[in-house]
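Asks:
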Amino acid sequence: MTQLILASNSPRRRQLLQQMGLNFRVVTARVSEALPAGCDLAAGVMEIARRKARAVARREAEGLILGADTLVVLNGEALGKPAGPQEAYDMLTRLQGREHRVITGVALVDAGSGACLLEHEITRVWMRVLTPREIWRYVATGEPLDKAGAYGIQGKGALLVERIEGCYFNVVGLPLGKVAGMLERFGLDPWEVGDRKENGTGISFNN
């Protein structure tokens, strides 16, 4: 059976694949996550996802390599991970009371043949109007510091969100419906490859 390899150290992406019941390995991809110059943001996140998947594919003899990258976009500007609490506060101050978009690029690469599929998903998110105290209380949890846009909708950050339009899992970091369709195009049926390993985790790690 073709092995699935996640080219990401993101705990959220691991959890989402586990939620699908898939067996997979994690191999960390060490690549530049800088957006390519001169391309639109959707193309940019797909390119970064492709870099991650290709970097791992070069180290593997076989298997399907899944790479992903997520951006939070406000008025055409990409918001990355905050450098510290103050930057997290500043980002959330800009996002509160407004609509933004979350774009995830996904790449699936066959390590054996080199074949590559690229897709992206866009979700619209509206944040509540927040007071400075609410924002600082959230920043104090530490949750925003490793997340694009300085919030995690799957955690305490859910308290900041008024509504979304589109795929929830995309906001977490991996659009599962899109991933399932990509696996099927490579001949993997996600309904049939979901038996977990005996240890119950369904995953193993390599660096």
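Numbering (our numbering), first residue to last: -11 to 195. Glycine included, each C-beta is placed from N, C-alpha and C at the ideal position.
From the DSSP output, read off the bridge partner residues of D98.
Replies: L52
Asks: Could you name each continuous alpha helix (DSSP H) segment of 4 residues or more that falls completely within the stretch 103 to 182, going from the start of the chain to the end?
Replies: 120 to 128, 156 to 160, 164 to 173
Asks: Go through its chain and collect everything with a Cβ distance to E107's Cβ below 7 angstroms, but skip five positions before and after it.
Replies: V94, K166, M170
Asks: With a CB to CB cut of under 6 angstroms and the five nearest residues on each side skipped, what residues in its chain are close to Y77?
Replies: I123, V127
Asks: Closest to E87 by C-alpha separation, out of R116, E48, S(-2), would be which residue?
Replies: R116
Asks: According to DSSP, simplified to helix, strand and coil, what is L39?
Replies: According to the sequence displayed, residue 39 carries Arg and not Leu. DSSP places R39 in helix when its eight states are reduced to three.
Asks: Can you say whether L162 is buried or exposed, counting buried as having 16 or more other CB atoms within 10 angstroms of its CB?
Replies: buried
Asks: For L5, report the span of its alpha helix (DSSP H) as first-last.
Replies: -1 to 7
Asks: Output yes or no for whether 8 angstroms exceeds the beta carbon distance between I91 and L59.
Replies: yes
Asks: Need the endpoints of the beta strand (DSSP E) that Q21 sits in, please.
Replies: The sequence given here has Glu at residue 21, not Gln. Neither: E21 is in no beta strand (DSSP E) and is coded neither H nor E.
Asks: Can you check which of these residues, A41, R46, N63, G64, is closest to R53 by C-alpha distance?
Replies: Note that residue 53 corresponds to Ile in the displayed sequence, not to Arg. Closest option to I53, Cα to Cα, is A41.
Asks: For G154, tell me which candidate among D177, P(-1), S101, V113 has the shortest Cα-Cα distance.
Replies: V113
Asks: Could you tell me whether the Cβ atoms of F157 and L164 are closer together than 8 angstroms?
Replies: Yes. Within cutoff.
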